[in-house]
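Some notes on the structure that comes next.
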Amino acid sequence: MKKFTHDLGTVPLNQSTDVKNGDVNWTRKSEAIEEDSPTNWGANWSEFIDNKSVYMPTTTSGVFTTRGGRDTMEDTHFLYPHLRGAQNVSMFGIMDGHRGPEAAEYAAHAIPNHLIARIDMGFSPSDALASAFIDTDSGFRHELELQRQNCKGQTKNRHPGCTAAVVLLVNNHLLVANAGDCRTVLCRNGQAISLSNDHIASCTAERERVARMGGQVKWQVDTWRVGAAALQVTRSIGDDDLKPYVTAEPEVNELKLDENDEFLIIASDGLWDKMSNEEAVSFVKDTVKEPTMSSKRLATEAVERGSLDNITVIIIFLKPVSTVERVF
């Protein structure tokens with residue numbers, strides 16, 4: 001299987017994206033797309049890319065990850081501050097694995113590559129983002145089935161999956177795609193605004209959707225859960241034993257940023273299980289204005305509050321930060 005060859009830009013990835021499981025390197029199992037990078041983003045993107053009259057946020061980003069109280073790391077992430085070399089296009093994402101790290105490792109590379117492939121096909125930003133989730137899910141389940149047929153590694157009787165939250169910023173146009181319980185929060189005028197919904201079985205609308213599609217949702221132990229796997233999330237990449245009702249179709253929200261928008265927080269549920277949206281925003285506002293340090297403070301606080309889960313936090317500041325703000 002080919003390695004990814006497409007030039008997407010600088011991509012800091014956490015260590016877990018390079019870990020091999022059962023002799024299968026899941027970061028390299030997505031199909032590589034064409035090497036030639038087009039310079040034209042296409043008509044569906046031109047209204048966002050070429051519009052120089054709109055408000056332009058100035059972004060700085062950072063990430064912090066920790067295993068928390070677990071022995072293994074199943075979270076992965078990516079940061080593309082200049083996607084495909086474009087100064088005004090950024091992409092950030094967190095994948096939270098469950099039942100193994102394989103789906104999260106695969107998705108960290110596959111989602112950006114499938115997005116680029118859909119751009120090349122002329123898809124709009126929102127359609128490209130949604131399709132990237134579906135394509136990644138399909139590709140991962142196909143590769144997993146091939147591994148089962150070969151009885152390679154420990155994949156034969158396993159059904160790994162991952163939730164995902166991805167932010168795409170094109171000029172001042174913000175798109176947030178989410179499947180599962182990773183969450184994206186915007187600080188606007190000092191207030192916390194959730195830009196995603198948690199897709200979990202305790203949500204009535206999601207529980208009813210699963211039931212309509214033939215899935216089984218039961219109260220197990222302490223909450224509503226899906227199927228024999230007792231999964232709490234109702235949307236994910238992978239989890240092939242729970243398809244189609246645990247769908248990979250993301251919810252995509254769009255909005256335009258303006259001068260009132262200060263920063264974004266993207267985090268896995270290891271943070272949100274111990275901290276409200278409002279608390280997270282307050283912590284960042286009171287922390288040194290350096291994104292990696294702010295991310296670390298949030299994750300550390302969640303651990304101190306008793307989080308035993310993996311935690312990944314990405315913070316994107318949307319305004320220039322002065323030297324004084326960075327220091328004090």
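As numbered in full-length UniProt numbering, residues 1 to 328 make up the sequence shown, in order. Every residue gets a Cβ at the ideal spot worked out from N, C-alpha and C, and that includes glycine. Please read these numbers as outputs of a predicted model, since none were measured by experiment.
So for residue i, helix, strand or coil by DSSP?
i, result
"Y55", "coil"
"R67", "coil"
"N310", "coil"
"F123", "coil"
"Q191", "strand"
"D96", "strand"
"T247", "strand"
"K319", "coil"
"V185", "strand"
"M293", "helix"
"T136", "helix"
"A110", "helix"
"A86", "coil"
"N172", "coil"
"H142", "helix"
"D273", "coil"
"V281", "helix"
"F287", "Correcting the residue identity first, residue 287 is Thr in this sequence and not Phe. T287: coil per DSSP, three-state reduction."
"S268", "coil"
"T76", "strand"
"N157", "coil"
Got a sec? Which residues, its chain only, sit under 6 Å from residue i by beta carbon, not counting five neighbours each side?
i, result
"L115", "A128, A132"
"P160", "R99, G100, E102, A103, G238"
"N178", "A165, S196, P250, E251"
"I119", "A128"
"T287", "S294, R297"
Going by CA-CA distance only, name the one from the options that's closest to residue i.
i, options, result
"L255", "I193, L298, G227, G238", "I193"
"R305", "M56, G68, H159", "G68"
"V54", "E259, V246, A248, L83", "E259"
"V167", "N277, T66, F78, T204", "F78"
"T204", "Q191, L175, W219", "W219"
"E74", "M213, E105, R158, V284", "E105"
"E206", "D135, E251, R84", "E251"
"D261", "F140, D273, F317", "F317"
"I94", "D120, G180, I134", "G180"
"Q216", "E208, D222, R209, V226", "V226"
"G85", "Q149, A110, L144, V170", "V170"
"P57", "T76, Q87, T66", "Q87"
"P125", "F140, H173, K285", "H173"
"A107", "D137, M121, G214, K243", "D137"
"R212", "A228, D273, V246, D120", "V246"
"V284", "E301, D273, G270", "E301"
"S276", "M121, T72, Q191, Q149", "Q191"
"A130", "L242, N253, D273", "N253"
What does a CB cutoff of less than 7 Å around residue i pick up in its chain, not counting 5 residues either side in sequence?
i, result
"F64", "T292, S295, K296, A299, V313"
"residue 399", "Beyond the ends of the chain as shown, which are 1 and 328, falls residue 399; an answer cannot be given."
"I134", "A248, E249"
"D198", "D181, R183"
"A230", "Q220"
"G214", "Y245"
Please work out which residues of its chain come closer than 8 Å, Cβ to Cβ, to residue i, disregarding the five sequence neighbours upstream and downstream, and give them in chain order.
i, result
"I70", "Residue identity differs from the one stated: residue 70 is Arg in this sequence, not Ile. These residues qualify, in order along the chain: L308, D309, N310."
"T59", "P81, S90, L169, I316, F317, L318"
"V303", "T66, G68, G69, I311"
Subject >> Meets three-Cβ-pair contact criterion under 8 Å: the segment 183-190 and the segment 260-269 >> reply: yes
Original post:
Taking contact to mean at least 3 C-beta pairs separated by less than 8 Å, is the segment 230-248 in contact with the segment 277-284?
Top reply: no
Original post:
Which ranges would you report for the beta strand (DSSP E) in the segment 196-261 if only whole runs of at least 3 residues count?
Top reply: 217-220, 223-226, 251-256
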